[in-house]
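Everything in the sequence shown is counted per our numbering, starting at 2 for the first residue and increasing by one.
Note that beta-carbon positions come from the ideal geometry of N, C-alpha and C, so glycine has one too.
Remarks on the structure that follows.
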Amino acid sequence: MKKNILLLLLLLVGFSPLFSQFNWQTELKIKNNLGFSVDSLYIGAKQDATDGLDLLLGEEDLPTMEPPQPDLFCFLYLKNGNETLWSYRDFRSVKTENNFKEEYKLYVNYGAGTAIDISWDVLGSEIDSAYIEDIFPDVDIFRVDMKKNQTVHIENHYSKDHIITIWYNKSGSDVVENTEKNDIFVYPNPAEDNILLKNVPTPGIVKIYNEFGTCVINTDYIGGRLNVSTLSAGVYFIKFNDRISRFIKL
């Protein structure tokens with residue numbers, strides 16, 4: 002009897018990751034150059050969340066009127082089909098896919114300040130990639146890799162709206178963009194439409210295999226962008242001559 006109970010406990014411990022829930026969040030801390038700060042903003046993805054309003058998780062149905070304008074004021078637009086609902090917390094539902102993407106819209110009023118610093122926690126293996134950038138794609142005010150940095154300094158108080166894009170990884174296996182001498186550097190990883198290969202001599206032959214070992218792309222590569230938009234979402238292995246690397250297609 003005791004042996005059976007011990008075996009059951011070992012099985013439960015061994016398989017516990019399979020039944021564990023995916024819950025991740027990070028705090029956004031914002032401070033302007035006058036010394037005023039806000040530390041009430043949180044974003045993330047939680048097993049019990051929906052893409053609407055989740056009061057039990059701390060999301061707030063704040064007024065749709067124009068927010069107050071003290072020395073420093075920040076909030077997040079909730080994903081509800083329009084941008085009239087705002088809160089200090091924005092938690093998204095966990096998708097069925099192993100890798101999924103979410104975008105969060107952050108509003109910052111600098112008050113009388115002319116610059117702000119936005120900081121966040123170290124992003125671990127639950128996050129494949131994360132970027133914070135201005136909302137104007139053609140202006141290119143700033144774009145910061147949140148996995149390689151923990152803060153961004155912005156000196157443009159006219160740019161109040163920012164986009165945070167996060168690629169989640171439920172497997173807990175970190176996607177490493179390796180730049181060692183004998184490895185291929187794939188960027189971005191995860192990717193949507195195009196990838197760039199670095200640390201490879203050109204020209205050469207590029208072959209991309211799906212997780213079942215089927216070659217889905219076989220082409221000459223002379224540098225520049227490689228179009229992967231026709232691939233389905235999933236994990237792929239890219240082979241250049243005798244080198245192999247892994248990337249995720251969203």
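Item: Per DSSP, which residues does A192 bridge with? Please list them.; Value: K250
Item: Considering only the beta carbon of each residue, do L63 and S88 sit closer than 7 Å?; Value: yes
Item: Given a cut-off of 7 Å on the beta-carbon distance, is the pair W168 and D194 in contact?; Value: no
Item: Would the beta-carbon of F92 fall within 7 Å of that of K47?; Value: yes
Item: From the DSSP output, in three-state form, read off L73 for me.; Value: coil
Item: In whole angstroms, what is the alpha-carbon distance linking G299 and N211?; Value: No statement about residue 299 is possible, as the shown extent of the chain runs from 2 to 251 and does not include it.
Item: Let me make sure I understand the geometry here. Which of E28, F76, N99 and D52 has the alpha-carbon closest to that of K250?; Value: N99
Item: In chain order, what residues of the same chain have a beta carbon less than 7 Å from the beta carbon of D221, not counting five sequence neighbours either side?; Value: P204 and I206
Item: Quick one: is A192 buried, meaning 16 or more other Cβ sit within 10 Å of its Cβ, or exposed?; Value: buried
Item: Going along the chain, which residues of its own chain have a beta-carbon closer than 6 Å to the beta-carbon of E134, five neighbours each way excluded?; Value: R144 and I164
Item: Out of curiosity, what's the CA-to-CA distance linking V95 and Y43?; Value: 16 Å
Item: Spatial neighbours of D52 within its chain, please: C-beta separation below 7 Å, excluding the five flanking residues on both sides.; Value: K80, R93 and S94
Item: Within 10 angstroms of its Cβ, does F241 collect 16 or more other Cβ (buried), or is it exposed?; Value: buried
Item: Using C-beta distances below 6 Å, list every residue in its chain close to T166, excluding the 5 sequence neighbours before and after it, in chain order.; Value: E104 and Y132
Item: Cα-Cα, which of A50, G125 and W121 is closest to E28?; Value: W121
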